[in-house]
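According to UniProt numbering, the sequence shown holds residues 1 to 840 in order.
Don't be surprised by glycine CBs; every beta carbon is placed ideally from N, CA and C.
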Amino acid sequence: MSESDALSTYNAKRDFKRTREPKGKRGRKGGNSFVVQKHAATRLHYDFRLEVDGVLKSWAVTRGPSLDPQDKRLAVRTEDHPLTYGGFEGSIPKGEYGGGTVMLWDKGTWRPIEGKSADDLEDGHLHFILEGERMKGEWLLVRMKPRKGEKRENWLLRKVDDEYTGSADDLVRRELTSIETGRTMQEIAHDDEGEHSLKDRKGAQLDKTLDKAAKHTRKVAARKPKRKGNGKPPEFRKPQLATLVDHVPSGSDWIHEIKFDGYRCLVAAAGDDVHVYTRSGQDWTDKFALLRDAFAALDLPPCLIDGEVTAPGKDGNPSFSALQAVLKRGHGAQAKGQHLDFHAFDLLELDGEDLTAHSNLERKERLAGLLGDAEPPVRVADHVIGAGEQLFEAMCGADQEGIISKRADAPYRGKRTRNWLKIKCTRRQEFVIVGWKPSKSHGRPFASLLLAQHEDGELVYKGKVGTGFNSDTMEALASKFSSRARKTPPLDAPTSDTRDARWIRADLVAEVAFAEFTAEGRVRHASFLGLRQDKSAEEVTPERVASIEEDDPPAKVKITSRARVVFPESGQTKGDLADYYAEIAPLMLTHLARRPVSLVRCPQGRAKKCFFQKHDSGSFGESVHHVSIAEKTGKKQPYLYVDSAEGLLSCVQMGSIEFHGWGCHEDAVEQPDRMIFDLDPDEGLDFADVKRAARDLQKHLADMGLVSFAMLTGGKGVHVIVPLRRGHDWDTHKDFARRFAEALSAAEPDRFVATMSKAKRKGKIFIDWLRNQRGATAVVPYSARAREGAPVAAPITWAELKDLETAATFTISDAKELVKRAASTGLQGWGFADQPLPEL
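This is the structure:
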């Protein structure tokens, strides 16, 4: 089909007295827009449209775009559409062509890569770049060879590997609302004014209808503005600092991150009100205007995020010198392409909730949930659980600074602690510049700088640095020296080093790399890296390298009767179970910690007597805590909860196998924050039925704008988990869950039932919504089950659900694999999302 005949061919194929499709006409030429419309017609798909020669070239992408370069998505070529169709959001009446709900899911501009053009479509391929709000970077469209008798034109849409790649369903799972109106599919479908019939519309009639729809969309967008936060940005807090040690700690109770070569900063945000603070509390929002704007565009609830600001060097890696150059040149340089990045690695506050008492790993998972939509320059810093040595070797091999190791279950403290450790590939510290030595070379302002650090309240001489400068750096430093000149030295220093020295006021801080300290305490083979403006001279003290063996090891819980067989069918023992929980504790505690919990205890093994326990008077030891909760009678009882690996293992020592948590935390018992739908199949159904049901629930929840997560129960079912923002009560929580389950069972009574009645469940899947009432519990992620084979409840991605054959895929023997899986892109942030409970 030639470009000139695109819409004429489209119109010639149709009898507009009979067809329900719109008649289109060509628009302006030379545009390069693109749009993606999420379309719930006969089946849900995503209409991908590129503007070419005055029309919208269109493909129906059946499963939506994937960010995984290995995942090729079927894109069925459809007829070209008029440009005006690209602004359509609303509902087409059922029975008409394309009947269903249409959402404006993404839009932006596109361009072929250099050397290519839109004419390549005629040859069956197109390599192009998208600059949309959600789809970005390089993509490929490739036409498939047609099969005999096949009438439709099948293409493949694939992401090209670049900085915007991700997991297969990252986009379609997270992005659930309209980019124009912020509405969900359900809200659009229930908008009576937004229903527009396109039946028999053509020419001016079609334009009028589409214009009416666009005006309505603009009206909705105007009355439903973007959230500007539920309050003011949080106040600055002192950041936690790391202790320098001599080697990487081992074990799964440590998480490890890259040590970025930049400036430590905290971002306080609430909607478009954003402040960027240095680690000493200076407000550098204006200096980092690029980052301020990037965070403002995310429209975050009130939050305080800890991270590192970097700038890429020539090799693409973070470079302190490049960062200094960007800051020196100011905002204009940033606008000309010298960009900054913010690597977020911690979350201290969210929506009024103080998270500092939560574990490192839980804060990181909640951070990933909060910034799931973030794109460069805002990045969520990756981490690995265990395997720190491999990360350290990789960083040193790439000439990076080193790594940060954090105890996974530790809280956040605004001081230097041994729960955060830093291990450096090369030695580098901050020093105060106290003077300089003149140069004998013509045109060189100085030969070297004289360095010092504060010890016991006094400046102590630390040697000289004479390399690492370029001409611009030397000129900039020399200009600072003249206004700081002093006649006498500010410290005692050896004459041999300081003969002919020029002294200055000791308020400039330099970062210096060096090989080692000599026996006299002088730096050896020193190289200047740059001035630090985020730290005062009074703060500059020696950074001593501590031996990691000095660290207090985590408290150990003695497990008795380790050889007792707990799972007789597979032979696994109490010791095996304890080892599993010790390995998995950092992950499990992100979902279990501080939730009231009921235990399934089997002191003599799973084949003997087992019982639930939710109260305790202190027999579990001091690592297992209590929260007083009023029961239906009004009487308060001490419910159990744990917040550490020691607490978890104390429960195992007492014969516990399973952990079942409330849908709230102990500090806000009356405010649920997690909804769970347990899909429980009747005896005659297989796991394929459960998987299909889970995906259906995911779709219906997504239509309401709710992100959900899948978990294998370790039994025969799947839990669909919906994390929620606090703010509603248990009655509202329970009512939503009940009505949602009842609506599905009413819509498909042959598949679903929302009642526990055994007689009514025959051949159906029970959508168990009863776990969402006050006092009810559900098995927590990573809990072992008291079942044959020692299976565990395991988080999974929606993409991998289709290939699993049982809900008991993982067992307590798979601890290391589960830990490794948890650090994968698809599972980072699993179970966390900042979303309110919508109206049903």
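E839 sits exposed, since fewer than 16 C-beta atoms from the chains shown fall within 10 Å of its C-beta. Per the coordinates, the alpha-carbon of G621 lies some 39 Å from the alpha-carbon of F766. A contact is defined here as three or more CB-CB pairs under 8 Å, and the segment 341-349 meets this definition with respect to the segment 303-313. Leaving aside the five residues that flank P489 on each side, the residues in its chain whose CB is nearer than 8 Å to its CB run, in chain order, V434, G435, T498, A501 and W503. In its chain, beyond the 5 residues on either side, E805, T806 and A807 have a beta carbon closer than 7 Å to the beta carbon of F687.
Rounded to the nearest angstrom, the gap between the Cα atoms of A784 and G281 is 45 Å. With respect to K462, F528 sits apart: the two C-beta atoms are not nearer than 9 Å. Y277 is bridged by DSSP to L266 and D283. Under a 10 Å Cβ-count criterion, D472 is classified as exposed, with fewer than 16 other Cβ atoms of the shown protein chains found around its own Cβ.
The segment 287-325 is shown to contain whole alpha helix (DSSP H) runs of 4 or more residues at 289-298, in chain order.
A Cβ-Cβ separation of about 4 Å places S439 in contact with A447 under the 8 Å criterion. A Cβ-Cβ separation of about 19 Å leaves L371 out of contact with V384 under the 8 Å criterion. Residue environment: Q572 is assigned as buried (16 or more neighbouring CB atoms within 10 Å of its CB, all protein chains considered). Rounded to whole angstroms, the Cβ separation of L74 and T62 is 5 Å, and the two are in contact under 8 Å. A residue is called buried when at least 16 other Cβ atoms come within 10 angstroms of its Cβ; D123 does not meet this threshold and is exposed. Shortest Cα-Cα distance from P301 to any of F514, E349, E375 and A60 involves E349. Counting only runs of 3+ residues, the beta strand (DSSP E) found wholly inside the segment 648-684 occupies 656-661 and 674-681, in chain order. Here the C-alpha atom of R201 lies approximately 8 Å from the C-alpha atom of T209.
Exposed is the label assigned to H190, since fewer than 16 other Cβ atoms lie within 10 Å of its Cβ. By the C-beta density criterion, D192 is exposed, having fewer than 16 other C-beta atoms within 10 angstroms. Secondary structure note for V690: it is in no beta strand (DSSP E), and the uninterrupted alpha helix (DSSP H) holding it is F687 to D703.
Nearest to L156 by alpha-carbon distance, out of L241, S708, V142 and S167, is V142.
Scanning its chain for C-beta atoms nearer than 6 Å, with the 5 sequence neighbours on each side dropped, one finds around A168 the residues S66, D68, D71 and A799, in chain order. Considered as a whole, the segment 76-103 harbours 90-92 as its complete beta strand (DSSP E) runs of no fewer than 3 residues, in chain order.
Following the DSSP letters along the chain, one finds S479 inside the alpha helix (DSSP H) bounded by residues S471 to S482.
W662 is a Cβ neighbour of P596, given a cutoff of 9 Å. Close CB contacts of S570 within its chain, under the 7 Å cut and outside five residues either way in sequence, are with G789 and A790 (chain order).
By the neighbour-count definition (other C-beta atoms within 10 Å, threshold 16), N419 is a buried residue. Under a 10 Å Cβ-count criterion, H358 is classified as buried, with 16 or more other Cβ atoms of the shown protein chains found around its own Cβ. Annotated as proximal: T278 and D534, with beta-carbon spacing under 9 Å. Judged by their CB atoms, F736 and H700 are not nearer to each other than the 9 Å cut-off.
Note on geometry: alpha-carbon atoms of R174 and L744 lie some 22 Å from one another. In the structure shown, L827 adopts coil according to DSSP, grouped into three states.
E349: member of the beta strand (DSSP E) spanning D341 to L350, first to last residue. For F736, the secondary structure class from DSSP, reduced to helix, strand or coil, is helix. Per DSSP, reduced to three states, the secondary structure at Q186 is helical.
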